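Below is one structure; the comments refer to it alone.
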């Protein structure tokens with residue numbers, strides 16, 4: 012049993028409501044991707060069900076993995092729990108191609124469950140990960156259940172972008188805000204997941220994750236330390252002979268480098284933002300302008316199929332320009 016890390020105030024608010032008898036029927040667990048929302052929601056669901064059917068305490072600690080509720084939930088076999096998520100298009104290849112949305116049929120399939128009383132106690136939990144992925148018809152179908160919730164039903168709705176949800180869904184939920192983790196908290200999660208990581212790679216993943224351990228762990232095989240060194244060199248010394256820019260452009264081009272290229276795009280704006288925090292006056296204005304340009308390029312490069320090498324070279328040139336700006340202003 013591994014304790015949860017980060018966002019303790021949000022976790023405590025949920026369990027305080029549960030212990031106090033004021034548990035709302037629908038919770039919108041909102042925040043950036045990879046900060047532990049799904050882990051908390053699964054843990055909260057297990058604790059609610061164990062308290063309802065097995066007399067367990069409502070504690071902010073994960074249920075033991077060998078507890079019947081935890082085991083049956085993991086096997087999608089607990090009668091009072093349902094998880095809605097995007098399904099693989101081919102069940103035999105679950106990691107290859109995932110559907111773009113949670114369908115209305117998945118939501119409607121909850122009907123038989125919601126038309127009867129809970130089986131194991133007085134409570135059931137429906138977890139949707141993520142509610143952002145609901146097709147429009149699915150969102151409308153869910154709304155009916157949120158408006159007239161069956162007795163004992165708790166909805167846990169995970170959202171990475173709550174502002175995009177139907178206002179009618181948001182208005183029927185209590186918001187539970189999850190924030191990015193601190194560097195120290197990031198380190199705890201990364202150490203658990205990647206205990207053999209060396210110190211340089213650990214620092215690079217903490218920086219690249221930007222408060223999201225899920226993102227950091229996903230980057231573990233991408234040699235983020237090399238990218239971090241390149242970013243630091245561009246910002247401190249520039250790139251007078253184009254060597255760094257050309258190397259990055261070549262290394263991040265091609266189909267095999269797609270993941271690393273996307274990690275570069277995700278990280279570059281944060282690198283400039285962090286750099287800007289240490290500037291004042293004219294250097295700050297130049298850094299903020301560079302941030303806006305890098306962010307604008309990074310946000311559309313993949314959707315608009317920009318050439319990877321040219322895009323990397325352009326972004327790296329903006330970073331190198333900040334080093335030149337430093338010298339000129341000084």
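Numbering (the working numbering), first residue to last: 12 to 341. Glycine included, every Cβ here is placed at the ideal spot set by N, Cα and C. Keep in mind it's a predicted model, so treat the numbers as computed, not measured.
| Query | Result |
| --- | --- |
| Give the DSSP-derived three-state secondary structure of residue 16 in the structure shown. | coil |
| Rounded to the nearest angstrom, what separates residue 142 and residue 203 at their Cα positions? | 28 Å |
| Compute the Euclidean distance between the alpha carbons of residue 340 and residue 250, then round it to the nearest angstrom. | In this predicted model, residue 340 has a pLDDT of only 45, less than 50, meaning its place in the structure is not dependable; the value taken from the coordinates is given anyway. Looking at the two C-alpha atoms, the distance is approximately 18 Å. |
| Pull up the distance between the alpha-carbon of residue 194 and that of residue 47, whole angstroms please. | 15 Å |
| At the level of alpha carbons, what is the spacing between residue 144 and residue 42? | 15 Å |
| Please identify the residue among 101, 69, 131 and 71 whose C-alpha is closest to the C-alpha of residue 88. | 131 |
| Beta carbon of residue 176, beta carbon of residue 170: below 8 Å? | yes |
| What are the start and end residues of the alpha helix (DSSP H) that includes residue 317? | Element bounds for residue 317: n/a, residue is neither H nor E. |
| Would residue 333 pass as a contact of residue 284 if the rule is Cβ separation under 8 Å? | no |
| Give the straight-line distance between the Cα atoms of residue 125 and residue 109, rounded to the nearest whole angstrom. | 27 Å |
| What are the complete beta strand (DSSP E) segments, minimum 3 residues, inside the region 184-271? | 185-188 |
| Applying the 10 Å Cβ sphere with the 16-neighbour rule, what's the burial state of residue 248? | exposed |
| For residue 115, which residues of its own chain have a beta-carbon under 7 Å away from its beta-carbon, when the five flanking residues on both sides are left out? | 146, 148, 149 and 152 |
| Count the C-beta pairs between the region 307-326 and the region 273-280 that are closer than 8 Å, then say yes if the count reaches three, no if not. | yes |
| Indicate the three-state DSSP secondary structure (helix, strand or coil) for residue 37 in the structure shown. | strand |
| Do three or more CB pairs link the region 54-64 to the region 229-237 at distances below 8 Å? | no |
| Could you give the distance in angstroms between the alpha-carbon of residue 11 and the alpha-carbon of residue 196? | There is simply no residue 11 to check, as the chain begins at 12 and stops at 341 in what is shown. |
| By the DSSP assignment, the alpha helix (DSSP H) with residue 179 in it spans what residues? | 178-181 |
| Can you tell me whether residue 126 is helix, strand or coil according to DSSP? | coil |
| From this set, 72, 331 and 319, which residue's C-alpha is nearest residue 286's C-alpha? | 331 |
| Using the C-alpha atoms, what's the distance from residue 49 back to residue 22? | 12 Å |
| Please state whether DSSP places residue 168 in a helix, a strand or coil. | strand |
| The beta strand (DSSP E) with residue 135 in it runs from where to where? | 135-140 |
| Closest by CA to residue 239, which one among 253, 252, 216 and 199? | 216 |
| Helix, strand or coil for residue 93, going by three-state DSSP, please let me know. | strand |
| Going by DSSP, which residues form a beta bridge with residue 145? | 113 |
| I'd like to confirm something about residue 80: is its beta-carbon nearer than 7 Å to some heavy atom of the ligand ZN, or not? | The ligand content of the structure shown is nil, which means the ligand ZN is not present either. |
| For residue 14, which residues from the same chain have a beta carbon less than 8 Å from its beta carbon, with the 5 sequence-adjacent residues on both sides left out? | 72 and 73 |
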